[in-house]
Each structure stands twice: as C-alpha cells, then as structure tokens.
Amino acid sequence: MPELPEVETIIRGLRKNILGARILGVEIYLPKVVATPEPDLFKSKLKGKQINTLKRRGKYILVYLSDNSLLAFHLRMTGQLVFHKPGYNEADFPKHTHLVFRLDRGLLRFTDPRQFGRVWLVPKDKPEWISGLTKLGPEPLDDTFTEERFKDKIRQHKQKIKPLLLDQAFIAGLGNIYTDEALYRARIHPAKRASDLTARETETLYRAIKEVLSEGIKYKGTSVRDYVDGTGDEGHYQERLAVYGKKGMACYRCGTPISRILCANRGTYYCPRCQKLT
DNA sequence: AGCAACGCCTGATAGC
DNA sequence: TGCTATCAGGCGTTGC
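Take 13 as the starting number for the first sequence in the working numbering and just add one per residue.
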C-alpha cells in the first residue's frame with residue numbers, strides 16, 4: 013500500500029524518466045478510474061502536453077503539465093504507476109492495467125487490481141477539484157511540521173492516537189504500516205487517547221514519525237503486497253519492519269510476541285509489553 | 001460534531 | 001483437491 017515513502021520513491025523514479033516528456037496519447041481501459049473530467053475530454057486535453065514537474069503531497073502524485081493543468085494520481089491500496097522504455101512488450105502488461113499514457117520516450121501505465129485508485133485532470137489553480145487534496149494536514153518531513161505544532165494539535169484530540177495519525181487532515185501521508193511502526197518505536201499503545209499522551213511521549217512520537225518515514229524512503233518503500241516503484245522495482249523496507257505483519261514473532265526489544273488487534277477497525281500490530289495502555 | 005460502520009474491489013489465504 | 005468464506009485497507013459516504 014503506497015504510503016508517503018512509497019509515493020516519494022515513485023515520483024523520484026519517474027522524474028528521471030518522464031520529466032520533459034510529451035504525451036502523445038492516452039488509452040483508457042477502465043473509465044471509472046478517471047475521476048474527472050469525462051474520459052474523452054481527459055484524453056483530448058492530455059494529448060500533446062509536456063510533463064513539467066512531478067511532486068508529492070501526502071499520498072498524491074502530482075504531475076504538472078505545460079498548459080498549466082495538473083494530472084493527479086492516488087494509488088490507494090494496490091495502484092501502480094510504472095514507466096516503460098520504448099520496446100517494452102505490451103503483451104507483458106499486468107492484468108488490471110486501466111490507463112496507458114503514450115509518451116515520446118516510452119509509456120506510463122496505471123495498474124490497479126482493486127480499482128480503488130483514481131486519477132484527476134484539473135486546472136492547476138483548481139486543486140480543490142481533486143478529492144481530499146486540499147484538506148490534507150502538514151507534510152511530516154517538512155520544516156513547517158514542527159514539534160510545537162504537533163504537540164499543540166495532539167493535545168486537542170481525545171481520539172485514539174492511531175486513527176488520529178491515519179487521519180490525512182491531521183497529518184498527511186501516514187498509512188497503516190508506518191503508523192504501527194512509529195507507535196512501536198515511540199512505545200505508545202495504538203488505542204491510547206491522544207490527549208492522554210505525556211509531553212515526553214509526544215516528543216518521541218514526533219521523532220519516530222520522521223524517522224520511520226525517512227527510513228522508508230531510504231529503503232525505497234515497503235513491498236508487502238503490490239507495491240512497486242515508478243520503474244517497477246520492489247522496495248526493501250519490509251525487511252526492516254519491527255511490528256507490521258509480525259504477529260506472534262518476538263519483539264526485538266523485549267522478546268514478547270507481537271500482538272494483532274483491531275483498532276478503529278484496522279489490523280494493528282504492537283508489542284503488548286513495550287506499548288502499554290496505562 | 002464526532003466517531004463507527006459500510007461500500008468499493010480482487011487476490012491471497014484459511015478452512016472444510 | 002477444490003470449493004467457499006474471510007481478510008487485506010484508504011477513503012468517501014452514510015448512519016447513529
């Protein structure tokens with residue numbers, strides 16, 4: 013599941029290959045993945061445009077084009093956006109390839125088995141047309157995301173800490189994997205009320221979030237299911253996960269078996285000894 | 001308002 | 001073995 017580090021890895025890879033490329037044409041095999049505009053308009057508006065800039069915001073991939081339009085992708089659970097050089101055998105397209113962008117230097121395919129991912133094409137000055145984008149909270153790796161700001165915001169919420177961290181309006185880019193990893197690192201129980209966190213816990217959590225996301229990027233993301241980067245390669249952070257998917261395995265700090273519970277209806281991994289509720 | 005539950009989806013896996 | 005039920009989960013929507 014592409015979270016912040018995976019999306020960051022994808023755009024870094026894509027930048028090397030498609031920056032400056034021209035879109036020759038677009039093929040749509042599953043129209044519903046195009047959130048806006050209508051499929052025919054989507055195709056005609058993209059034709060001939062050049063790719064100027066690639067950015068990430070939260071888990072969104074933002075592609076700025078030569079006509080001041082913005083092409084945005086959200087991969088949700090199982091989406092992939094992969095570049096292929098010319099000569100790629102299209103018979104090798106994975107199942108569930110819903111979009112193909114023909115470029116002057118290769119092609120870009122959007123593939124998504126679960127069909128949750130979406131793509132938008134909007135004027136650059138209408139980012140609010142992209143569902144959720146303008147409601148995002150701070151970027152956790154930005155300098156503007158300060159410890160003070162985080163502390164103040166945490167204090168205001170009585171919600172459980174895990175669902176709060178998953179709330180993209182509270183903080184952008186965290187998903188199930190990195191949330192569990194950050195809480196483990198900070199030794200905080202996922203169901204602890206945010207406003208009950210001590211000052212020390214909040215500080216530790218602030219650092220833990222930055223650390224796990226930075227490490228995730230360093231290791232080019234976590235491939236536990238479908239994730240591959242913009243060149244089709246898997247990440248390596250799955251080899252460094254401490255708790256996610258590790259039910260029954262020994263906590264590397266204390267040896268206690270890792271537990272799996274439901275927290276806000278999501279599978280949640282934690283160490284019952286290192287992360288106490290009280 | 002604020003939180004829980006549901007729906008969207010397919011593929012992997014568990015269970016019989 | 002081969003079938004079916006369950007689970008995976010981001011996020012918008014619906015319901016309490």
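Backbone N, C-alpha and C define an ideal beta-carbon position, used for all residues, glycine too.
Three-state secondary structure (DSSP) of residue i
{"i": "GLU18", "result": "helix"}
{"i": "ILE35", "result": "strand"}
{"i": "ILE200", "result": "coil"}
{"i": "THR280", "result": "strand"}
{"i": "LYS107", "result": "coil"}
{"i": "ALA262", "result": "strand"}
{"i": "PRO135", "result": "strand"}
{"i": "LEU289", "result": "coil"}
{"i": "LEU77", "result": "strand"}
{"i": "ASP154", "result": "coil"}
{"i": "ASN101", "result": "coil"}
{"i": "THR191", "result": "helix"}
{"i": "GLY25", "result": "helix"}
{"i": "TYR249", "result": "helix"}
Endpoints, the alpha helix (DSSP H) within which residue i is located
{"i": "PHE182", "result": "Where PHE182 is concerned, there is no enclosing alpha helix (DSSP H), given that its DSSP letter is neither H nor E."}
{"i": "PHE54", "result": "51–58"}
{"i": "ARG121", "result": "Element bounds for ARG121: not the alpha helix (DSSP H) but the beta strand (DSSP E), 118–123."}
{"i": "ARG272", "result": "Where ARG272 is concerned, there is no enclosing alpha helix (DSSP H), although the beta strand (DSSP E) it sits in stretches over 271–275."}
{"i": "ASP238", "result": "Run containing ASP238: none; DSSP gives neither H nor E here."}
{"i": "ILE142", "result": "No alpha helix (DSSP H) contains ILE142, which DSSP labels as neither H nor E."}
{"i": "ARG167", "result": "159–167"}
N-terminal and C-terminal residue of the beta strand (DSSP E) that residue i is part of
{"i": "GLU227", "result": "It is not in any beta strand (DSSP E) - GLU227 instead sits in the alpha helix (DSSP H) that spans 211–230."}
{"i": "ARG69", "result": "63–69"}
{"i": "PHE95", "result": "92–96"}
{"i": "ALA47", "result": "46–48"}
Integer Cβ distance of residue i from residue j, believed to fall under 8 Å
{"i": "TYR76", "j": "THR65", "result": "4 Å"}
{"i": "TYR281", "j": "PRO17", "result": "That pair is no contact at about 18 Å."}
{"i": "LYS147", "j": "ALA181", "result": "5 Å"}
{"i": "ASN188", "j": "ARG88", "result": "Not quite, the Cβ-Cβ distance comes to about 12 Å (not below 8 Å), so this is no contact."}
{"i": "THR243", "j": "VAL38", "result": "Not quite, the Cβ-Cβ distance comes to about 21 Å (not below 8 Å), so this is no contact."}
{"i": "THR21", "j": "GLY233", "result": "5 Å"}
{"i": "VAL255", "j": "ASP192", "result": "5 Å"}
{"i": "LEU153", "j": "LEU225", "result": "6 Å"}
{"i": "ARG199", "j": "GLN287", "result": "6 Å"}
Burial state of residue i (16 or more Cβ within 10 Å)
{"i": "ARG197", "result": "buried"}
{"i": "ASN101", "result": "exposed"}
{"i": "ARG130", "result": "buried"}
{"i": "GLY60", "result": "exposed"}
{"i": "CYS266", "result": "exposed"}
{"i": "PRO175", "result": "buried"}
{"i": "THR214", "result": "buried"}
{"i": "GLN92", "result": "buried"}
{"i": "MET13", "result": "buried"}
{"i": "ALA206", "result": "buried"}
{"i": "PRO135", "result": "exposed"}
{"i": "TYR239", "result": "buried"}
{"i": "LYS28", "result": "exposed"}
{"i": "LEU53", "result": "exposed"}
{"i": "GLU15", "result": "buried"}
{"i": "ALA211", "result": "exposed"}
{"i": "PHE162", "result": "buried"}
{"i": "GLY70", "result": "buried"}
{"i": "ASP155", "result": "exposed"}
{"i": "GLY260", "result": "exposed"}
{"i": "GLY32", "result": "exposed"}
{"i": "THR123", "result": "buried"}
{"i": "PRO202", "result": "buried"}
DSSP beta-bridge partners of residue i
{"i": "HIS86", "result": "TYR72 and ARG130"}
{"i": "LYS172", "result": "ARG205"}
{"i": "ILE40", "result": "LEU111"}
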